[in-house]
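Accompanying notes for the structure given below.
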Amino acid sequence: MKPLIDVTVVLLDGGWISTSLGPVEVFHSAGLLWQDLQGQVPQPRFRVRTASIDGRPAACAYGVSMTPQCALADVGPTDVILVGSPGVEPIEQSDYDERLLQWLRDAHAAGTHIAGVCAGVAYVAASGLLDGRRATTHWALAGLLQQRFPAVHWQADKFVTEDSNLYCGGGVYAAIDLSLYLVEKFCGRDVALQSARALLVGMPRTCQDSYGTVPLLRPHADERIRRAEEFLQRHFREPVSAEVLAAHVGMSPRNLIRRFKDATGNLPNAYVQDLRVAAARELLEGSTSSVQAIAAQVGYEDVAFFRALFKRQTGMTPADYRRRFGQLTIARGELSTALATAAAAER
Numbered sequence: 037m038k039p040l041i042d043v044t045v046v047l048l049d050g051g052w053i054s055t056s057l058g059p060v061e062v063f064h065s066a067g068l069l070w071q072d073l074q075g076q077v078p079q080p081r082f083r084v085r086t087a088s089i090d091g092r093p094a095a096c097a098y099g100v101s102m103t104p105q106c107a108l109a110d111v112g113p114t115d116v117i118l119v120g121s122p123g124v125e126p127i128e129q130s131d132y133d134e135r136l137l138q139w140l141r142d143a144h145a146a147g148t149h150i151a152g153v154c155a156g157v158a159y160v161a162a163s164g165l166l167d168g169r170r171a172t173t174h175w176a177l178a179g180l181l182q183q184r185f186p187a188v189h190w191q192a193d194k195f196v197t198e199d200s201n202l203y204c205g206g207g208v209y210a211a212i213d214l215s216l217y218l219v220e221k222f223c224g225r226d227v228a229l230q231s232a233r234a235l236l237v238g239m240p241r242t243c244q245d246s247y248g249t250v251p252l253l254r255p256h257a258d259e260r261i262r263r264a265e266e267f268l269q270r271h272f273r274e275p276v277s278a279e280v281l282a283a284h285v286g287m288s289p290r291n292l293i294r295r296f297k298d299a300t301g302n303l304p305n306a307y308v309q310d311l312r313v314a315a316a317r318e319l320l321e322g323s324t325s326s327v328q329a330i331a332a333q334v335g336y337e338d339v340a341f342f343r344a345l346f347k348r349q350t351g352m353t354p355a356d357y358r359r360r361f362g363q364l365t366i367a368r369g370e371l372s373t374a375l376a377t378a379a380a381a382e383r
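Note that our numbering has the sequence shown beginning at 37, numbered continuously upward.
So, in structure tokens, the structure goes:
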């Protein structure tokens, strides 16, 4: 049995209870719910607890309250902290509770992974941990948080961001996306997929537009290369030469290629291939488009080349990947059939 991963979900007054309760249920279900539905031996992966700043119940905006298991001071070491949303808008800067901010700083310094959801991202930003790092929040809050925390690299088009063990989720129900993203990060794609299917939710979305790409996770402090990455993430479907990319960030092509490799571990062309395969994975998981159509959508006219590249990166052909990870659609009265189909895909 693998050691349990400790997750602490922070409850805040005035918040949206689903941004706390949803993650509790996702983490609790990992390794349990699918196994229970399939008659398999349970293999719990997370130990989840709830905490409020002072240990008292947290009342949400519409009269429901949650009683935490402890106060922040009683939590002790934890692997993951997730801060739920305190409401539809982030509170005034003068009202941030320093006890929570310092607790987040100390935890991150000790190696804890910190996550914030929707307006809860403001607490992570107020702690200073997001300065110089990528983050997202609800699209309607992005302008305000950009003004309050200009040192943060806000990417409001994303549902989920990751940078230096710091994670952010967009809107209220992005709490589910972020939680499944963390399940996949810590436990692997199979466990995350089992949890999603058992809960009848989709696998994590990563963008607040039509579809997006899985974030590339290597942190670095090269600001020009960050700009180059962001440019490629916006234009990965198009052919982008080293000369065009270098001109965009004000560097010579040779210097760009050297610094890009140093910062990301990849050459620009390989980085674009990773982005395209990541986008193709999401489309194979969530759409019924043909492999040829998906290849074209992510920037490949040669479907044979796309198939070979996809298999080299994932170990599966696009068709095999779709059979394993494709969207589970369930009509009324078809639950048992769908579960049997999903189980067959697991084998």
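Positions of the beta carbon are idealized from the N, C-alpha and C atoms, including for glycine.
In the structure shown, Gly179 adopts helical secondary structure according to DSSP, grouped into three states. Between Arg233 and Thr197, the CB-CB gap reaches or exceeds 8 Å.
The segment 152–159 makes contact with the segment 176–190: 3 or more CB pairs, one atom from each, lie closer than 8 Å. Taking Arg83 as the centre and dropping the five residues before and after it, the same chain places the C-beta of Leu40 and Asp42 closer than 6 Å to its C-beta, in chain order. For the options Gly99, Asp72 and Ser56, the alpha carbon positioned closest to that of Thr86 is the one of Ser56. At least 8 Å separates the beta-carbon of Gly120 from that of Gly50. The segment 160–167 makes contact with the segment 139–151; the number of CB pairs closer than 8 Å reaches 3 or more. Classified as exposed, Asp110 has fewer than 16 neighbouring CB atoms from the shown chains inside 10 Å of its CB.
In this chain, the beta strand (DSSP E) harbouring Ala151 covers His149 to Val153. By the Cβ neighbour-count rule, Glu321 is buried, with 16 or more other Cβ atoms within 10 Å of its own. The beta-bridge partner set that DSSP reports for Val196 consists of Gly205. Classified as buried, Leu268 has 16 or more neighbouring CB atoms from the shown chains inside 10 Å of its CB.
Counting along the chain, Thr86 sits inside the beta strand (DSSP E) bounded by residues Phe82 to Ser88. Ser323 carries a coil assignment under DSSP once its states are collapsed to helix, strand and coil.
Per DSSP, the continuous beta strand (DSSP E) segment holding Leu47 begins and ends at Ile41 to Leu47. In the DSSP assignment, Leu68 falls outside any alpha helix (DSSP H), carrying neither H nor E.
When rounded, the separation of the alpha-carbon atoms in Asp199 and Leu345 is 27 Å. The three-state secondary structure of Ala171, taken from DSSP, is strand. Annotated as distal: Arg343 and Thr350, with beta-carbon spacing of 8 Å or more. The Cβ atoms of Leu235 and Leu69 lie closer than 8 Å to each other. Following the DSSP letters along the chain, one finds Val119 inside the beta strand (DSSP E) bounded by residues Val116 to Val119. Bridge pairing for Cys96: absent [DSSP].
Beyond the five residues adjoining it in sequence on each side, Glu274 comes within less than 8 Å, by CB distance, of Gly335 in the same chain, given in chain order. Burial of Ala314 is indicated by the presence of at least 16 other C-beta atoms within 10 angstroms of its C-beta. About 47 Å separates the Cβ atoms of Ser288 and Phe63, ruling out a contact at the 8 Å cut-off.
Around Ile212, the same chain offers Gly58, Val62 and Val237 as residues with beta carbons nearer than 7 Å, after the five sequence neighbours per side are excluded. Runs of beta strand (DSSP E) with 3 or more residues, each lying fully within the segment 277–307, are absent. Of the residues assessed, Ser65 falls on the buried side of the cut-off, its CB having 16 or more other CB atoms within 10 angstroms. Short of 8 Å from the beta carbon of Phe296, and not among the five residues preceding or following it, lie these beta carbons of its own chain, in chain order: Ile261, Ala264, Asn302, Leu303, Pro304 and Tyr307. For His149, the CB contacts under 6 Å within the same chain, skipping 5 residues up- and downstream, are Val116 and Asn201 in chain order.
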